[in-house]
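See structure below.
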Amino acid sequence: MNKKDFIIGLFSGIAMALIGTILFITLFTDIPFRESYLAIKSNNHLGKVITLGTILDLILFAFLLKKNKESMAKGVIAAVLLLTFFTLII
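So the sequence shown is numbered by our numbering: it starts at 2 and just counts up by one.
Quick look at the structure:
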């Protein structure tokens, strides 16, 4: 396993989850982003929103497998596992 590709996949997976979370908050709420974020956090729904944001990781994972980038795909899986543990903590 190429460590460089794994690290790239790990950071790509985290970045895609962050982008997905921001898109979810922006597209599915009617109030400004900061207020939406604070409301979601105060209602203890942040973990659920982060989990929904990781849907983009599925697309990234499928794309990497199609391009035969297995090491990067393993990094994306590791990112999803890290985000899973993070959402369990918060």
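Just so it is clear, CB atoms sit at the ideal spot from N, CA and C, and this is done for glycine as well.
- ILE26 is positioned such that its CB atom lies no closer than 7 angstroms to that of SER43.
- C-alpha of THR88 to C-alpha of LEU28: approximately 21 angstroms in a straight line.
- For ASP58, the uninterrupted alpha helix (DSSP H) segment begins and ends at 56–67.
- Taking the CA atoms as reference points, ALA63 sits about 33 angstroms from ILE32.
- With a threshold of 16 other beta carbon atoms within 10 Å, LEU82 falls short and is exposed.
- LYS75 sits in a helix when the DSSP states are folded into three classes.
- Look at THR88 here: in three-state DSSP terms it is helix.
- Cβ-Cβ separation between GLY14 and GLY76: approximately 6 angstroms, consistent with a contact (criterion under 8 angstroms).
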